[in-house]
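This report concerns only the one structure given below.
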Amino acid sequence: MTEGTLYGLCSAVLVGLGLFGLIMHPEPLRKILAFNLVGGGVFLLFGVVARKGAAAGLGGDPVPQALVITGLVVAFAATALAVALLARLFQETGRATLQADE
Amino acid sequence: MSSALDVLTILSVSTGAFFFLAGTVGLLRFPDALSRLHALTKADNLGLGLVVLGLLFQAEGFPVALKLVGVWLLALLAGATVTQLIAHIARMRGSTM
Amino acid sequence: MAFDIGLVTLVLGVAAWTIGARETFAAVVGFVAYGLLLALVWVRLAAPDVAMTEAALGSGLTGGLLLGASTRLARTDGPAAIEKPSAIMRLAAAVLCTLVSAGLAALVLLMLEPAPTLAPRAMANIAATGLSNPVTAVLMAYRAIDTLLETVVLLLALVGVWSLARDRVWGGLPGPYHRADPHGLLTFTAQILVPIGILIGIYIFWVGSVAPGGEFQGATVLAAMWIIASMAGLVDAPPVTRRWLRLALIAGPALFFAIGLAGFAIAGGFLAYPESHAKLLILMIEVPVTLSIATTLALLVAGPPERAPAR
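Residue numbers (numbering that gives the first Met the number 0), protein chains in the order written: chain W, 0 to 101; chain E, 0 to 96; chain H, 0 to 310.
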């Protein structure tokens, strides 16, 4: 098993773990954390594809790596917006929960 | 010559790793926040210094060596700041941390 | 290989801790550690540019954002516990996630060998771009339209965050008020660290054309330096209606777009560069983009306006 395959399997487990946390945790902030975990796993899968595409004297294919850099920045922007929404929800209702009011 | 440098690197990095281990043991075993902070900062700074010293023997030139020492100094600064901030809060809250 | 196995074990262990921790604060700390370990994984996958971005943005700025949020919402850990899903739900979710993981693992094991790759084509034309870091060449030359749209996405996220201000502080100052203690520890640290950090940030951006680095990593370090100075109370966020702030935010994407349109005239396509001036044009794009992205990232962490502007 090459290192690329090992990290690929790691990324598969990370996506599963993150998805489990996303479904199970009722608190929205834990859901945001789990979502970032899933994102990390998906980017890692890109990285494995890049590593397997090593050629022309490079250690990895630069195109998936550039895509991952773009993805990391956009994931941060999405997390910032999600956290701002959550903080505003907490300000308005006094509780941080996604349950509808009775 | 290079094998002597390699031996020095392995010795320094291993000693540094041992200090990191000692710091973590202190983190797990000491009774309250202030003593745990004490163990962490002393052991981790020394451990990082020894690791950087070991890497200096492998550096390919003066600018790289300067950057390595710079990394160690910045980590010292960050560690000292965070430790004092946490210690301040720990003292304010009593020993309930 | 043994190192890789150890690293994977650590990453999975810290990820499991992040999902399973009882308190939100502990989970966020686990997430920061997870990000740093992922940066190590990226180095092992021969992607140093991505490792720097992950360490700075994915672990550093995201961790700071989430730590701030977790302390603000600390009082809600109790009441939400009554909504915990039932055991049947747990089992169903576990089965679903195992299926998803198994599907992805099968994809990984069935990957084509030898893998299709664009590396030879990227390296074949890299001399025309004037850069020698292939990742920067992809970001700024081959897929420049993706980078342009990415800066626009960042701006849209900032507009979304600003629109969440309450009515009476609309157009006000983002973030809480930090009082500066002139003999305090944070002030001392900020006064030493911020100049060094700005230098490091500019260096990382500048060296990105020939070595691992680039504008996103450099901009993140610059944003982090502003955040430290603001937490120490040394600088305060300007009101979001300030014209110079808004100009700084749009300067990067606007110039990027303008040079892209100029590409029609001078090189025959949107975002096409003439071969003799490629490096100069890329530099002209990168400098304002770095400043804009640093400002956007810092303001995204600061959050929506919370204090009314002084009349």
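Note that beta-carbon positions come from the ideal geometry of N, C-alpha and C, so glycine has one too.
Note that the coordinates shown come from a computational prediction; the quantities given were computed from them, not determined experimentally.
Where residue i meets chain H, residues with beta-carbon distance less than 7 angstroms
| i | result |
| --- | --- |
| PHE34/W | Chain H residues near PHE34/W: none, gap ~11 angstroms exceeds 7 angstroms. |
| THR78/W | THR61 and LEU64 |
The beta strand (DSSP E) enclosing residue i, as first and last residue numbers
| i | result |
| --- | --- |
| GLU305/H | 304-306 |
Local Cβ density within 10 Å of residue i, reported as buried at 16 or more and exposed below that
| i | result |
| --- | --- |
| ALA257/H | exposed |
| PRO133/H | buried |
| ILE281/H | buried |
| ILE203/H | buried |
| ILE88/E | exposed |
| GLU2/W | buried |
| SER275/H | exposed |
| ARG28/E | exposed |
| ILE265/H | exposed |
Boundaries of the alpha helix (DSSP H) in which residue i is found, first to last residue
| i | result |
| --- | --- |
| THR240/H | Segment: none, THR240/H is in no alpha helix (DSSP H) and carries neither H nor E. |
| ALA55/W | First-last for ALA55/W: undefined, no H or E at that position. |
| ARG28/E | 1-28 |
| PHE30/H | 23-43 |
| VAL151/H | 143-161 |
| PHE61/E | 61-91 |
| GLN216/H | 214-230 |
| PHE2/H | 1-19 |
Three-state secondary structure assigned by DSSP to residue i
| i | result |
| --- | --- |
| LEU117/H | coil |
| PRO173/H | strand |
| VAL209/H | coil |
| PRO181/H | coil |
| GLY70/W | helix |
| HIS276/H | helix |
| LEU49/E | helix |
| ASN132/H | coil |
| HIS37/E | helix |
| GLU26/W | coil |
| THR78/W | helix |
| GLN57/E | coil |
| SER58/H | helix |
| GLN190/H | helix |
C-beta atoms of residue i and residue j nearer than 9 angstroms
| i | j | result |
| --- | --- | --- |
| VAL67/W | PHE89/W | no |
| PRO252/H | LEU147/H | yes |
| GLY57/H | LEU37/H | yes |
| LYS51/W | ALA25/H | no |
| VAL47/W | GLY7/W | yes |
| LEU39/E | LEU26/E | yes |
| LEU254/H | LEU157/H | no |
| LYS30/W | LEU43/W | no |
| SER208/H | GLY129/H | yes |
| GLY196/H | VAL234/H | no |
| LEU153/H | LEU296/H | yes |
Partner residues on chain W for residue i, Cβ-Cβ distance less than 8 angstroms
| i | result |
| --- | --- |
| PRO303/H | ALA83, ALA86 and ARG87 |
| ARG97/H | The identity of residue 97/H in the sequence shown is Thr, whereas the question assumes Arg. Near THR97/H (Cβ distances below 8 angstroms), the residues of chain W are GLY15. |
Contacts that residue i makes with chain H (C-beta to C-beta distance below 9 angstroms)
| i | result |
| --- | --- |
| LYS30/W | Under the 9 angstroms cutoff, chain H gives no residues; its nearest Cβ is about 11 angstroms from LYS30/W. |
| THR4/W | VAL107, LEU108 and MET110 |
8 angstroms Cβ cut-off: residues of chain E touching residue i
| i | result |
| --- | --- |
| ILE191/H | LEU76 |
9 angstroms Cβ cut-off: residues of chain W touching residue i
| i | result |
| --- | --- |
| LEU72/H | GLU26, PRO27, LEU28, LEU85, ALA86, PHE89 and ALA95 |
Within chain W, partners of residue i - CB distance below 7 angstroms
| i | result |
| --- | --- |
| SER100/H | ALA11, VAL12, VAL14 and GLY15 |
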